[in-house]
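Trainee: The opening position of the sequence shown corresponds to residue 0 in numbering that gives the first Met the number 0, with each subsequent residue numbered one higher.
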Amino acid sequence: MATFMYDHVHIISPDPEAAADWFVDKFGATIKGKGTAPDGSTMVMVDLHGSNIFLKGRAEPPTHEAPPPGSTYGLEHFGVVTDDLDSAVADLKAKGVTFTQEITNFRPGVRISFLLGPDNVLIELLERKPA
Numbered sequence: 000m001a002t003f004m005y006d007h008v009h010i011i012s013p014d015p016e017a018a019a020d021w022f023v024d025k026f027g028a029t030i031k032g033k034g035t036a037p038d039g040s041t042m043v044m045v046d047l048h049g050s051n052i053f054l055k056g057r058a059e060p061p062t063h064e065a066p067p068p069g070s071t072y073g074l075e076h077f078g079v080v081t082d083d084l085d086s087a088v089a090d091l092k093a094k095g096v097t098f099t100q101e102i103t104n105f106r107p108g109v110r111i112s113f114l115l116g117p118d119n120v121l122i123e124l125l126e127r128k129p130a
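Pasting the structure below:
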């Protein structure tokens, strides 16, 4: 039987280069590469400490804004783990990041917080410690 593993998150953005810069500035990611997708739009590949985020523009601008987080079916958010949630939240707030949920004890050993990334992408920050 074939095996499957997570490879990347692919985000459509009106400005993929600015979105990539957001991940570099806020999360310390690195840009792996830039290019042009087959439809002619810009594509930026970001390495988030071993996880891939692909950011792509549209060949033609969309006719509407992105829906608010949680208002449609499909991907709602993606999670990023940190070893120090308190410090991460404080650092990101100092960089002007908007949080939609403050730090919450989700279950024993797991604390979470939610923030808005570039283009209002919902991102969960989580910290896992032995319960």
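Think of the CB as a built atom: it goes at the ideal place given N, C-alpha and C, for glycine as much as any other residue.
Glu126: buried (16+ other C-beta within 10 angstroms of its C-beta) or exposed?
Mentor: Its Cβ being crowded by 16 or more others within 10 Å, Glu126 is buried.
Trainee: Does the beta-carbon distance from Leu74 to Leu124 come in below 8 Å?
Mentor: Not closer than 8 Å, so no.
Trainee: Apply the 10 Å Cβ neighbour rule to Gly34 and answer buried if 16 or more other Cβ atoms are within range, or exposed otherwise.
Mentor: Counting Cβ neighbours within 10 Å, Gly34 comes out exposed, since fewer than 16 surround it.
Trainee: Is Leu121 near the ligand ADP - that is, is its Cβ less than 7 Å away from at least one heavy atom of it?
Mentor: Among the components of this structure there are no ligands whatsoever, and the ligand ADP is therefore not found.
Trainee: Just grab the DSSP bridge partners of Leu114 for me.
Mentor: BP columns for Leu114 point to Phe98, Ile122.
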